[in-house]
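Student: Each residue of the sequence shown is one higher than the one before, counting from 0 in numbering that gives the first Met the number 0.
The beta-carbon is built from N, C-alpha and C at its ideal position, and this holds for glycine as well.
Take this structure first; my questions come after.
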Amino acid sequence: MTTHLPTFDYRRPTSLGEAVRLISSGGSSTVVMAGGTDLVPKMKRRQLTPSTVISLSRVTEMQGIRYQDGATTIGSGTLLREVVASRLVPEPLRLAAATVASPHVRNTATIGGNLCLDTRCNYIDMPEGWRIANGHCLKDGGDTCWVAPRQERCWAVHASDVSPIAIAMHTNVRLVSETGERIIPLEDLYANDGINNLTKRRDELLVELKIPSIEMRASYYKLRRRGAIDFALVGAAASFALEEAGSAEDVRIVLTGIASAPVRVFEAEQFLVAEGLSPGSIVEAAGIAGSCVRTQDNTDLGSRYRKWMIPVAVQRVLEGLAMNTNERSADRGTD
Ligand SMILES: Cc1cc2nc3c(=O)[nH]c(=O)nc-3n(C[C@H](O)[C@H](O)[C@H](O)COP(=O)(O)OP(=O)(O)OC[C@H]3O[C@@H](n4cnc5c(N)ncnc54)[C@H](O)[C@@H]3O)c2cc1C
Numbered sequence: 000m001t002t003h004l005p006t007f008d009y010r011r012p013t014s015l016g017e018a019v020r021l022i023s024s025g026g027s028s029t030v031v032m033a034g035g036t037d038l039v040p041k042m043k044r045r046q047l048t049p050s051t052v053i054s055l056s057r058v059t060e061m062q063g064i065r066y067q068d069g070a071t072t073i074g075s076g077t078l079l080r081e082v083v084a085s086r087l088v089p090e091p092l093r094l095a096a097a098t099v100a101s102p103h104v105r106n107t108a109t110i111g112g113n114l115c116l117d118t119r120c121n122y123i124d125m126p127e128g129w130r131i132a133n134g135h136c137l138k139d140g141g142d143t144c145w146v147a148p149r150q151e152r153c154w155a156v157h158a159s160d161v162s163p164i165a166i167a168m169h170t171n172v173r174l175v176s177e178t179g180e181r182i183i184p185l186e187d188l189y190a191n192d193g194i195n196n197l198t199k200r201r202d203e204l205l206v207e208l209k210i211p212s213i214e215m216r217a218s219y220y221k222l223r224r225r226g227a228i229d230f231a232l233v234g235a236a237a238s239f240a241l242e243e244a245g246s247a248e249d250v251r252i253v254l255t256g257i258a259s260a261p262v263r264v265f266e267a268e269q270f271l272v273a274e275g276l277s278p279g280s281i282v283e284a285a286g287i288a289g290s291c292v293r294t295q296d297n298t299d300l301g302s303r304y305r306k307w308m309i310p311v312a313v314q315r316v317l318e319g320l321a322m323n324t325n326e327r328s329a330d331r332g333t334d
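Structure, rendered in structure tokens:
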């Protein structure tokens with residue numbers, strides 16, 4: 000396995016203006032790097048061989064957490080360690096961020112890098128020699144997706160642990176380029192395509208997240224092999240605002256580790272709004288979530304197992320919320 004990095008130009012802008020200028024003038028072989036915990040291993044495996052890497056680590060406008068105008072704003076360059084530790088960040092998001100990787104990785108990884116994380120697959124996250132021997136897959140410049148060879152798309156999986164809870168909590172993101180800026184709902188950042196999984200333009204930077212203060216309960220449940228470190232086999236976030244005892248409005252259920260984008264399970268959400276929250280309706284909503292989503296054999300463990308676990312994850316996150324306890328939330332999602 001090649002373990003050294005390929006050669007590239009390294010740029011470290013110190014302002015947002017300089018960063019977007021560099022990206023805009025760079026070609027398609029220019030990439031941005033935040034913590035580099037995902038990007039650098041990919042470069043070592045030669046999944047990416049950019050000519051220029053633009054580090055965002057010195058861009059002060061992308062740092063820090065503040066509460067302003069009824070929303071918590073988190074700079075995309077904020078380390079996950081800082082997100083986990085900050086009392087300004089709503090607890091469900093802190094608990095979900097604490098499930099990403101390990102303390103070592105969270106000391107370097109950023110929240111923006113987590114939201115912009117590339118999709119993962121057993122056929123792409125492999126050493127270069129393995130990929131050559133196997134035949135390059137669609138995402139790797141070949142013409143076939145080895146997960147579903149008869150289909151014309153790439154099925155690599157969205158694996159962020161922060162995106163589902165952030166979507167459940169109605170988060171917006173600010174995108175900035177040299178030509179302007181826009182604020183969009185986080186869920187609109189994603190496309191269900193393993194190769195083009197982000198809808199933002201190449202020259203746009205994700206600068207900050209804005210989490211509105213809405214009266215709601217939210218939680219994230221992560222199923223993984225090992226509690227100490229591992230990507231989600233299935234991750235489920237849920238949120239709801241309670242009108243009165245047992246009746247819910249504005250329910251959101253969002254899955255990760257299943258498709259090439261975070262998946263909102265609208266059918267299960269609508270069912271809970273109509274039926275209210277009860278032990279029976281939660282079990283039924285979890286079943287609906289399981290039947291709405293298809294898994295592929297492209298990440299850890301088999302697709303059938305992960306499909307079985309979708310209703311389990313959804314039921315657990317909803318039950319935890321309904322009981323208004325934190326016991327089943329993110330930091331316990333390891334069984
Ligand atoms: C051992 C290990 C375990 C891991 N486990 C998990 C896990 O359990 N859950 C999980 O979610 N992730 C996991 N990861 C993946 C990764 O470490 C995290 O998702 C991390 O948050 C990525 O952040 P980063 O700052 O390092 O991103 P980087 O690697 O710097 O960037 C990731 C991608 O985002 C793009 N990007 C970064 N910032 C911006 C921005 N501001 N605007 C536009 N594009 C941007 C980069 O170009 C790159 O494509 C793991 C990684 C490792 C090495």
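Is the closest heavy atom of ligand 1 to the C-beta of Ile194 under 7 Å?
Tutor: No; taking the cut-off as 7 Å, the Cβ of Ile194 has no heavy atom of ligand 1 nearer than that.
Student: From which residue to which residue does the alpha helix (DSSP H) around Ser302 run?
Tutor: Run containing Ser302: Ser302 to Ala321, per the alpha helix (DSSP H) assignment.
Student: Per DSSP, what are the beta-bridge partners of Gly234 in this structure?
Tutor: Lys221 and Thr255.
Student: For the beta strand (DSSP E) holding Ser101, just list the boundary residues, first then last.
Tutor: Run containing Ser101: none; DSSP gives neither H nor E here.
Student: Could you tell me the boundaries of the beta strand (DSSP E) in which Leu205 lies?
Tutor: Where Leu205 is concerned, the enclosing beta strand (DSSP E) stretches over Leu204 to Pro211.
Student: Among all the DSSP beta bridges, which residues are the ones paired with Val262?
Tutor: According to DSSP, which records beta bridges pairwise, Val262 is partnered with Leu254.
Student: With 16 as the cutoff for other CB atoms within 10 Å, does Met32 come out buried or exposed?
Tutor: Its Cβ being crowded by 16 or more others within 10 Å, Met32 is buried.
Student: Is Ser159 near ligand 1, going by C-beta to nearest heavy atom under 7 Å?
Tutor: The answer is yes for Ser159.
Student: Select from Gly226, Leu15, Gln46 and Val156 the residue whose C-alpha is nearest the C-alpha of Thr178.
Tutor: Ranking the options by Cα distance to Thr178, first place goes to Leu15.
Student: Check Leu116 in the structure and name its three-state DSSP category.
Tutor: Correct three-state label for Leu116: coil.
Student: Judging by CA-CA distance, which residue of Glu17, Lys306, Gln295 and Leu320 is the nearest neighbour of Trp154?
Tutor: Here the closest residue by C-alpha is Gln295.
Student: At what residues does the beta strand (DSSP E) containing Glu180 begin and finish?
Tutor: It spans Gly179 to Pro184 - the beta strand (DSSP E) in which Glu180 sits, taken as one unbroken run.
Student: Could you tell me which of Ile210, Asp160 and Ser259 sits nearest to Gly234, measuring between CA atoms?
Tutor: Out of Ile210, Asp160 and Ser259, Asp160 has the C-alpha closest to the C-alpha of Gly234.
Student: Okay, do the region 222 to 233 and the region 273 to 289 touch, 3+ Cβ pairs below 8 Å being the bar?
Tutor: The region 222 to 233 vs the region 273 to 289: no contact.
Student: May I ask you to report which of helix, strand or coil DSSP gives Gln269?
Tutor: Correct three-state label for Gln269: helix.
Student: Spell out the partners DSSP gives Val31 in its beta bridges.
Tutor: In the DSSP output, where bridge partners are listed per residue, Val31 has Ile53.
Student: Can you tell me which of Phe265, Met42, Thr51 and Pro211 puts its alpha carbon nearest to the alpha carbon of Ala18?
Tutor: Measuring from the Cα of Ala18, the nearest candidate turns out to be Thr51.
Student: Measuring only the C-alpha atoms, how far is Gly319 from Asn133?
Tutor: Approximately 44 Å, taken between the alpha carbons.
Student: Is it buried or exposed, Ala108, if we count other Cβ atoms within 10 angstroms and call 16 or more buried?
Tutor: Result: buried.
Student: Considering only their Cβ atoms, is the gap separating Ala258 from Asn191 smaller than 8 Å?
Tutor: Yes, the pair counts as a contact, with Cβ atoms nearer than the cut-off.
Student: In whole angstroms, give me the CA-to-CA distance for Tyr122 and Cys136.
Tutor: Going by the C-alpha atoms only, they are around 7 Å apart.
Student: What residue from Pro184, Glu207, Arg152 and Ile164 has the CA that sits closest to Ser176's CA?
Tutor: Nearest of Pro184, Glu207, Arg152 and Ile164 to Ser176, Cα basis: Glu207.
Student: Say the cut is 7 Å; is the CB of Pro40 nearer than that to a heavy atom of ligand 1?
Tutor: Because some heavy atom of ligand 1 lies under 7 Å away, the Cβ of Pro40 counts as near it: yes.
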